[in-house]
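Asks: Sequence positions in the sequence shown follow my numbering and run 31 to 263.
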Amino acid sequence: MQSGLEDLRITPHQLEKLTGMEISDAFMGRAYRPTIFRSFHQLLPFLITEALTFGLILVFCLPIGLVIARGFGLLSGDASNTITFLLVMLSFSGLLFAGWNVYMWWQGKKLRTLAHLLDQVDKHNQIIEAVRIMDELRAVRPTMQLLDRTEVLEALAATRETLINALLTEKILRKHQSFIARRQELFVTIETNLATLQTLQIDAQASEYGQLLNQALQIGLSLRHEIDQWYEH
């Protein structure tokens, strides 16, 4: 990978620092990400976590249920009573499991703005991966003309800064800290970055990187729309 490209990524560690919570493909803190059903890559860790959660709930409930059942003399060694007991434990564990999922989805709804920003971060990192692949192709075929790489890196840098500012703004809003004091500074920075993206996009329309640059611009415009909605509220 050529110098400077990897630094434009927004890594999971940086995301955790910017948002103040643990971020993964399936989770954002103690909430599910709405995008988990869009790909198997994101769905698999969710399903594994669900299975482990249900197993832990069952392991926790079963000993307590046994103690209660024995205390009331409900376990006489009869097979039918044992089956009934197991069915009751499974049902009770299922209710707790369902309640846990409802809570996680409810938490996710409260973090819809953050979920949207995380999706934009994923798109940003995907564009960087596409540029990396183009660089590898150029290394194999030096005659391949891939123009305006410098402009693309500038656009990605501007998009990265916009995403970081948006994540910081969301964190400030969420934690009810000194948003008012920083709001104007953040908005001015975002406006400047969008202007840079628009200028670069016009200059690079005819290049191989034009499509990637346009995607970066769309991310920036989408973020600006989110910020406008925050400001109105």
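Ideal placement from N, C-alpha and C gives every residue a C-beta, glycine not left out.
Give me, in chain order, the residues of the same chain whose beta-carbon lies closer than 6 Å to that of Gln245; leave out the 5 immediate sequence neighbours on both sides.
Replies: Around Gln245: Ile157.
Asks: Pull up the distance between the alpha-carbon of Ile249 and that of Asp165, whole angstroms please.
Replies: Distance between the alpha carbons of Ile249 and Asp165 is about 22 Å.
Asks: Considering Cα atoms alone, identify which of Arg171, Asp55 and Ala185 is closest to Phe67.
Replies: It is Asp55 whose Cα lies nearest to the Cα of Phe67.
Asks: Do Glu200 and Thr143 have their C-beta atoms closer together than 8 Å?
Replies: For Glu200 and Thr143, yes; Cβs fall inside 8 Å.
Asks: To which residues of the same chain is Ala145 closer than 6 Å at the C-beta, ignoring the five residues directly before and after it?
Replies: Taken in chain order, the residues that qualify are Arg63 and Pro64.
Asks: For Thr41, count neighbouring Cβ atoms within 10 angstroms of its own Cβ and tell me buried if that reaches 16, exposed if not.
Replies: So Thr41 counts as exposed.
Asks: Return the residue from the list Val89, Glu184 and Ala169 that minimises the CA-CA distance to Thr226.
Replies: Closest option to Thr226, Cα to Cα, is Glu184.
Asks: Whose C-alpha, out of Gly95, Val118, Ser121 and Ile202, is nearest the C-alpha of Leu48?
Replies: Closest option to Leu48, Cα to Cα, is Ile202.
Asks: Have a look at Gln137 and Arg204 and give me their C-alpha separation to the nearest angstrom.
Replies: Near 13 Å, if we compare the C-alpha coordinates of Arg204 and Gln137.
Asks: With burial defined as no fewer than 16 other Cβ atoms inside 10 Å of the residue's Cβ, what is the status of Leu117: buried or exposed?
Replies: With fewer than 16 other Cβ atoms within 10 Å, it is exposed.
Asks: Would Thr189 be called buried (16 or more neighbouring beta carbons within 10 Å of its own) or exposed?
Replies: The residue is buried, with at least 16 neighbouring Cβ atoms inside 10 Å.
Asks: If you draw a straight line from the C-alpha of Ile163 to the C-alpha of Arg39, how long is it?
Replies: Approximately 15 Å, taken between the alpha carbons.
Asks: Mind checking Leu45: buried by the 16 CB within 10 Å criterion, or exposed?
Replies: Buried: at least 16 other Cβ atoms inside 10 Å.
Asks: Taking the alpha helix (DSSP H) that Ala169 belongs to, which residues open and close that run?
Replies: Segment Arg142 to Val170, the alpha helix (DSSP H) holding Ala169.
Asks: Verify the CB distance criterion: does Leu183 have a CB-CB separation below 8 Å to chain C?
Replies: No chain C appears in this structure, which consists of one protein chain only.
Asks: By Cβ distance below 7 Å, which residues in the same chain neighbour Leu73 in space, the five residues on each side in sequence not counted?
Replies: So the qualifying residues of the chain are Ile66 and Phe67.
Asks: Who are Ala188's beta bridge partners in DSSP?
Replies: DSSP, once it has assigned bridges, lists no residue as partnering Ala188.
Asks: Among Val161, Pro75, Ala169 and Thr79, which residue has its Cα nearest to the Cα of Arg179?
Replies: Here the closest residue by C-alpha is Val161.
Asks: For Ile78 versus Ser123, is the C-beta spacing smaller than 8 Å?
Replies: For Ile78 and Ser123, no; Cβs fall outside 8 Å.
Asks: Using the rule of at least 16 other Cβ atoms within 10 Å of the residue's Cβ for burial, across every protein chain shown, is Gly95 buried or exposed?
Replies: Buried, by the Cβ-count rule.
Asks: Nearest to Val89 by CA position, among Ile53, Arg168 and Phe127, is which residue?
Replies: Here the closest residue by C-alpha is Phe127.
Asks: Identify the continuous alpha helix (DSSP H) that holds Thr49 and give its terminal residues.
Replies: That run of the alpha helix (DSSP H) goes Pro42 to Thr49.
Asks: Is DSSP giving Ala56 helix, strand or coil here?
Replies: Three-state result, Ala56: coil.
Asks: Going by the beta-carbon positions, is the gap between Trp135 and Thr83 smaller than 8 Å?
Replies: Against a cut-off of 8 Å, the Cβ pair of Thr83 and Trp135 comes out as no contact.
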